[in-house]
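There are 2 protein chains.
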Amino acid sequence: MTTDAPKNRRAEPEDRREMLVAATLRCLGRDGHAGISVRRIATEAGVSVGLLNHHFGSIEALIADTYQRLASELTTALLQEIEQAQTPAQKIDAFLEGSFSPRVMDPKLLGVWVVFWSLIRHSEHVSQSHEKSYRAYLDLIRQLLDGLAASEGFVIHDTRLAAIGLSAMLDGLWLEWCLNPETFSAANGLHICRCWIKGLRHGAFSTDDVL
Amino acid sequence: MTTDAPKNRRAEPEDRREMLVAATLRCLGRDGHAGISVRRIATEAGVSVGLLNHHFGSIEALIADTYQRLASELTTALLQEIEQAQTPAQKIDAFLEGSFSPRVMDPKLLGVWVVFWSLIRHSEHVSQSHEKSYRAYLDLIRQLLDGLAASEGFVIHDTRLAAIGLSAMLDGLWLEWCLNPETFSAANGLHICRCWIKGLRHGAFSTDDVL
DNA sequence: CTGGTGATTGAACAGACGTTCAACTAAGCT
DNA sequence: AGCTTAGTTGAACGTCTGTTCAATCACCAG
Numbered sequence: 000m001t002t003d004a005p006k007n008r009r010a011e012p013e014d015r016r017e018m019l020v021a022a023t024l025r026c027l028g029r030d031g032h033a034g035i036s037v038r039r040i041a042t043e044a045g046v047s048v049g050l051l052n053h054h055f056g057s058i059e060a061l062i063a064d065t066y067q068r069l070a071s072e073l074t075t076a077l078l079q080e081i082e083q084a085q086t087p088a089q090k091i092d093a094f095l096e097g098s099f100s101p102r103v104m105d106p107k108l109l110g111v112w113v114v115f116w117s118l119i120r121h122s123e124h125v126s127q128s129h130e131k132s133y134r135a136y137l138d139l140i141r142q143l144l145d146g147l148a149a150s151e152g153f154v155i156h157d158t159r160l161a162a163i164g165l166s167a168m169l170d171g172l173w174l175e176w177c178l179n180p181e182t183f184s185a186a187n188g189l190h191i192c193r194c195w196i197k198g199l200r201h202g203a204f205s206t207d208d209v210l
Numbered sequence: 000m001t002t003d004a005p006k007n008r009r010a011e012p013e014d015r016r017e018m019l020v021a022a023t024l025r026c027l028g029r030d031g032h033a034g035i036s037v038r039r040i041a042t043e044a045g046v047s048v049g050l051l052n053h054h055f056g057s058i059e060a061l062i063a064d065t066y067q068r069l070a071s072e073l074t075t076a077l078l079q080e081i082e083q084a085q086t087p088a089q090k091i092d093a094f095l096e097g098s099f100s101p102r103v104m105d106p107k108l109l110g111v112w113v114v115f116w117s118l119i120r121h122s123e124h125v126s127q128s129h130e131k132s133y134r135a136y137l138d139l140i141r142q143l144l145d146g147l148a149a150s151e152g153f154v155i156h157d158t159r160l161a162a163i164g165l166s167a168m169l170d171g172l173w174l175e176w177c178l179n180p181e182t183f184s185a186a187n188g189l190h191i192c193r194c195w196i197k198g199l200r201h202g203a204f205s206t207d208d209v210l
């Protein structure tokens with residue numbers, strides 16, 4: 000019985016990189032900052048330590064790649080849900096509901112994200128990844144808000160600032176809920192954002208001043 | 000010339016702990032997560048490594064203490080500014096202005112905070128510190144909002160949720176600004192929050208539903 | 001079947017980490 | 001002055017870190 004089952008299968012570089020990024024995400028979600036370790040990630044992926052430095056030059060490059068892939072995965076999932084909605088009002092509500100879905104409202108996900116945040120100030124590569132994905136996120140929200148204002152005939156004086164406000168509220172709610180899910184529910188968070196939209200409809204951002 | 004200047008001055012435990020916490024903050028602000036290191040903090044404080052474990056049982060206890068002291072320092076500073084204002088409207092504006100003052104809007108401060116966040120899920124002690132200070136923060140905002148609604152005669156259906164919303168917006172704006180101060184200014188952030196208050200005045204949180 | 005290419009391995013290395021503890025000493029007491 | 005107390009020291013220890021690199025081996029082209 001000579002089942003020639005090779006012990007160490009070779010993989011296409013792209014496939015291997017994908018596996019390693021997935022293992023990195025599992026380690027970061029489980030162990031937080033301590034998950035950034037060639038040995039831990041290699042063990043998690045069932046692979047030798049040397050392979051990490053073979054496919055990525057350093058562990059920092061691995062982390063940066065992981066950041067980029069996760070960010071794009073989340074935004075594309077959100078985009079798909081938006082596209083299935085019809086009216087601008089339905090689109091923005093789909094966006095909000097997607098933002099409070101279990102896929103996003105996951106303490107482990109924040110654990111991963113916090114590690115990225117902590118690296119932004121010390122890694123030019125990670126910093127650029129953040130800026131790019133945040134800009135795309137903001138543009139998406141601006142589009143949604145502009146569409147809503149146009150279809151319902153109310154005024155937003157500075158859509159950019161309004162979009163920054165909504166994204167900040169979403170980020171803040173997500174952050175606080177992940178740090179302590181007991182304080183409020185995902186449904187509460189969704190309600191708070193809908194109230195923000197209600198304020199927008201009532202002219203909260205209609206003029207330059209705030210009187 | 001026998002200046003009997005002792006090389007290693009003794010200090011009261013409380014004073015020494017304060018020095019060590021201050022050194023910890025400098026290290027965290029400068030080096031981020033890499034700043035959590037007995038050797039680094041000891042060098043920064045001009046002290047031996049053994050002294051850290053003498054005054055705090057472990058480095059984790061030092062971090063938790065640092066968290067608590069920083070949080071209380073920030074909130075008491077904010078409280079002082081609020082107390083100097085007269086009317087409820089002025090109080091809440093003082094709170095917002097204090098939240099966007101240079102003392103708070105400091106990327107280094109976020110660097111410190113992000114390290115704390117990353118430890119919440121893995122340290123029961125840090126987690127409890129967070130819950131306590133967030134609860135106090137929320138209560139402060141609730142008071143301000145209740146006072147404003149009472150004095151101006153408008154309705155907030157659920158003050159708790161409204162307070163969670165405002166705190167989330169503040170956290171989100173602070174976070175995003177610290178990660179990339181180029182996107183918007185502190186004045187922009189202040190304006191966005193004032194618009195949120197305007198929406199509140201216009202009944203964004205006046206009813207249970209959002210129609 | 002035979003080379004050759006490159007994906008994969010893991011021992012080796014130098015350095016940093018947190019903690020421990022016996023020795024030292026500064027300061028307050030009698 | 002001498003004694004006592006406790007703040008302070010830093011070498012030592014074992015464990016972890018990221019990176020390197022020669023050896024190995026899976027797979028494909030010939």
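Quick mapping for you: the protein sequence lines, in order, are chains A and B. Okay, so the first sequence: first residue is 0 according to numbering that gives the first Met the number 0, each after it adds one. Okay, so the second sequence: first residue is 0 according to numbering that gives the first Met the number 0, each after it adds one. Here a beta-carbon is modelled for each residue, glycine too, at the ideal position from N, C-alpha and C. Nothing here was measured: the structure is a model prediction, and the numbers come from that model.
Quick one: Cα of residue 195 (chain B) to Cα of residue 128 (chain B), how far?
Their backbone Cα atoms lie some 29 Å apart in a straight line.
Quick one, which of B:145, B:126, B:46 and B:32 has its alpha-carbon nearest residue 7 (chain B)'s?
Between residue 7 (chain B) and the set B:145, B:126, B:46 and B:32, the nearest pair of CA atoms involves B:46.
With a threshold of 7 Å on Cβ separation, who are the neighbours of residue 90 (chain A) within its own chain once the five nearest residues in sequence on each side are excluded?
Contacts found: 81, 84, 143 and 146.
Under the three-state DSSP convention, the category residue 58 (chain A) falls into:
Helix, per DSSP.
My guess is that residue 53 (chain A) and residue 117 (chain A) are in contact by the Cβ rule of under 8 Å, so how many angstroms apart are they, rounded?
In fact, because the Cβ distance is near 27 Å, the residues do not count as touching under 8 Å.
Specify the secondary structure class of residue 168 (chain B) as computed by DSSP and reduced to three states.
In the structure shown, residue 168 (chain B) falls within a helical segment according to DSSP collapsed to helix, strand and coil.
Kindly indicate which three-state DSSP category residue 49 (chain B) falls into: helix, strand or coil?
In the three-state DSSP reduction, residue 49 (chain B) falls in the helix class (H, G or I).
To which residues of the same chain is residue 160 (chain B) closer than 8 Å at the C-beta, ignoring the five residues directly before and after it?
For residue 160 (chain B), where only same-chain residues beyond five positions count, the Cβ hits under 8 Å are 204.
Are the CB atoms of residue 9 (chain B) and residue 106 (chain A) within a distance shorter than 8 Å?
No, Cβ-Cβ distance for residue 106 (chain A) and residue 9 (chain B) is not below 8 Å.
Tell me the DSSP secondary structure of residue 0 (chain A) in three-state form.
Any answer about residue 0 (chain A) is weak, because its pLDDT of 45 lies below 50 and its placement is not dependable; what the coordinates show is given next. Reduced to three states, the DSSP call for residue 0 (chain A) is coil.
Using a Cβ-Cβ cut-off of 8 Å, state whether residue 211 (chain B) counts as contacting chain A.
Lying outside 0 to 210, the shown extent of chain B, residue 211 (chain B) is not represented and no answer is given.
Where residue 128 (chain A) falls: helix, strand or coil (DSSP):
Helix.
Under a three-way DSSP split, which group does residue 154 (chain B) fall into?
If DSSP states are grouped into helix, strand and coil, residue 154 (chain B) belongs with coil.
On a CA-only basis, which of B:88, B:172 and B:206 is nearest residue 103 (chain B)? Give me that one, please.
Ranking the options by Cα distance to residue 103 (chain B), first place goes to B:172.
Go to residue 94 (chain A), then tell me how far its alpha helix (DSSP H) extends in each direction, as first and last residue.
Where residue 94 (chain A) is concerned, the enclosing alpha helix (DSSP H) stretches over 87-98.
8 Å Cβ cutoff, residue 170 (chain A) in contact with chain B
Closer than 8 Å: yes.
Output the boundary residues of the alpha helix (DSSP H) element that contains residue 101 (chain A).
For residue 101 (chain A), there is no enclosing alpha helix (DSSP H), since its DSSP letter is neither H nor E.
For the 8 Å Cβ check, are there 3 or more pairs between the region 176-190 of chain A and the region 175-195 of chain B?
Because the criterion of three Cβ pairs below 8 Å is not met, the region 176-190 of chain A and the region 175-195 of chain B do not touch.
Beta-carbon gap between residue 169 (chain B) and residue 170 (chain A) smaller than 8 Å:
Going by C-beta atoms, residue 169 (chain B) is not nearer than 8 Å to residue 170 (chain A).
Report the option in A:114, A:37, A:75 and A:62 whose CA atom is closest to the CA atom of residue 51 (chain A).
Ranked by Cα distance from residue 51 (chain A), the options A:114, A:37, A:75 and A:62 are led by A:37.
Any Cβ of chain B within less than 8 Å of the Cβ of residue 198 (chain A)?
It does; some Cβ of chain B falls within 8 Å.
For a quick check, are the C-beta atoms of residue 18 (chain B) and residue 41 (chain B) less than 8 Å apart?
Remark: C-beta atoms of residue 18 (chain B) and residue 41 (chain B) do not approach each other more closely than 8 Å.
Contacting residues, own chain, Cβ-Cβ under 8 Å from residue 151 (chain B) (five flanking each side not counted)
So the qualifying residues of the chain are 87, 88 and 200.
Does chain B have any CB closer than 8 Å to the CB of residue 54 (chain A)?
Chain B, which has no Cβ nearer than 8 Å to the Cβ of residue 54 (chain A), makes this no.
Is any beta-carbon of chain A found at less than 8 Å from that of residue 106 (chain B)?
Yes, its Cβ sits closer than 8 Å to a Cβ of chain A.
Does the beta carbon of residue 194 (chain A) sit closer than 8 Å to a beta carbon anywhere in chain B?
By this cut-off, residue 194 (chain A) is an interface position.
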